[in-house]
Amino acid sequence: MPNPSLIFQPYPMSVKARLKRSMGELLSEYAYNKEQLLELAGYSSAVAIAKCYPVEKMSRDNAAILVCCGPGNNGGVGLVCARHLKLFGYRPTVFYPQRPAPVGESLSRQCEAMDIPSLSYFPSEPHLIRDSFNLVVDALFGIGFKPPVKETFASVIETLKKVDIPICSVDIPSGWDVDTGDEADGLKPEFLVSISAPKKCAKFFQGLYHYMGGRFLPRTLEQKFDLHLPSFPGTDCVMELKTQKTPEEEKSNGNGE
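So, in structure tokens, the structure goes:
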């Protein structure tokens, strides 16, 4: 199991800056568009979720999952993830209070066309989420987030911090600084899917599962920006990374089922 700390090598630019530069070159020199990158990131997030939380092991309401989407690119990844989860046999519900045009609108329409329901308001009581869903996908904020959480999403974060079902964060846990990690106001997910590369804050992640997804960076860009990425196995679009604790350790501590 690869160790994501390989990426944190001495380099003049931060991991965040290197990834932003590499993404910029993908969009310009390689002629990708944003929709392609969101699709690849969202698909790999759904694949990683399916590996750790199989449909047949979900007990509540036909594998119901709540996907919380923010206003930026991470929210778009969440919408794509929800669509692929539906194709994989899960029953996703989307919470997407802010829908920036045009990408957000088109991704929302795709979910609606696939009969993926959306919440008009976020439940204020944690037990309502626990009783209705098996898992929460946190796609609220990405690498552009800077604490503190703005008022629009503050109550959402506070409620999610109290739920006792697994949370899977896409790229970085919402409320965390991309470099320094949790500022005490962020989520503490059980599962983290790092897109393209683990961000610096990933070294503070103490959950059970850490995967890397978004297999679209050409080797030339990895080398140019000195990203030190581990190699994906075979033709897989995701790979498991080392975490601070294992499921076996969690059970031995009395926290497992």
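Those letters in the sequence shown? Residues 5 to 261, per my numbering, in order.
Beta carbons: idealized from backbone N, C-alpha and C, even for Gly.
Spatially closest choice to residue i from the options, by CA coordinates
{"i": "K166", "options": "V174, P193, I147", "result": "P193"}
{"i": "S122", "options": "K246, C72, E39", "result": "C72"}
{"i": "I161", "options": "G148, K150, L144", "result": "L144"}
{"i": "A201", "options": "L191, I176, N66", "result": "I176"}
{"i": "N66", "options": "L89, P101, G46, Y47", "result": "L89"}
{"i": "G93", "options": "G108, C172, Y57, L191", "result": "Y57"}
{"i": "F149", "options": "S110, E155, H131, G76", "result": "G76"}
{"i": "G46", "options": "P222, C172, L212", "result": "C172"}
{"i": "Y36", "options": "D240, P222, S235", "result": "P222"}
{"i": "V98", "options": "L91, P104, R87", "result": "R87"}
{"i": "G211", "options": "G238, P170, T239", "result": "P170"}
{"i": "P106", "options": "L191, K38, K20", "result": "K38"}
{"i": "H214", "options": "L44, M243, G238", "result": "M243"}
{"i": "C241", "options": "E33, L44, Q40", "result": "L44"}
Proximity of residue i and residue j at Cβ, strictly below 8 Å
{"i": "V174", "j": "C85", "result": "yes"}
{"i": "S112", "j": "Y100", "result": "yes"}
{"i": "I120", "j": "P127", "result": "no"}
{"i": "K204", "j": "D183", "result": "yes"}
{"i": "L23", "j": "V81", "result": "no"}
{"i": "A245", "j": "S26", "result": "The amino acid at residue 245 is misidentified as Ala; the sequence shows Leu. Against a cut-off of 8 Å, the Cβ pair of S26 and L245 comes out as no contact."}
{"i": "G79", "j": "G108", "result": "yes"}
{"i": "R95", "j": "A68", "result": "yes"}
{"i": "D135", "j": "L191", "result": "no"}
Distance, residue j Cα to residue i Cα
{"i": "V51", "j": "S178", "result": "20 Å"}
{"i": "F220", "j": "Q227", "result": "14 Å"}
{"i": "D186", "j": "D168", "result": "19 Å"}
{"i": "V153", "j": "G218", "result": "26 Å"}
{"i": "P16", "j": "S198", "result": "For P16, the predicted structure reports a pLDDT of 43, less than 50, and the residue's modelled location is therefore unreliable. A value from the coordinates is still provided. Cα to Cα, the separation comes out at about 22 Å."}
{"i": "F12", "j": "V19", "result": "Caution applies to F12, whose pLDDT of 46 falls short of 50 and renders its modelled position unreliable; the model cannot decide the point."}
{"i": "S110", "j": "S49", "result": "19 Å"}
{"i": "P151", "j": "M118", "result": "35 Å"}
{"i": "A21", "j": "L233", "result": "15 Å"}
{"i": "G28", "j": "Y34", "result": "9 Å"}
{"i": "Q102", "j": "M216", "result": "27 Å"}
{"i": "Q40", "j": "M62", "result": "30 Å"}
Cross-strand partners of residue i (DSSP beta bridge)
{"i": "V140", "result": "L70, I171"}
{"i": "E60", "result": "BP columns for E60 are empty, so no partner."}
{"i": "H214", "result": "L196, L245"}
{"i": "T97", "result": "L70"}
Assumed close pair residue i, residue j - CB separation to whole angstroms, cut-off 8 Å
{"i": "L196", "j": "A206", "result": "7 Å"}
{"i": "F209", "j": "T247", "result": "7 Å"}
{"i": "P130", "j": "T163", "result": "6 Å"}
{"i": "L70", "j": "F137", "result": "4 Å"}
{"i": "C115", "j": "L83", "result": "6 Å"}
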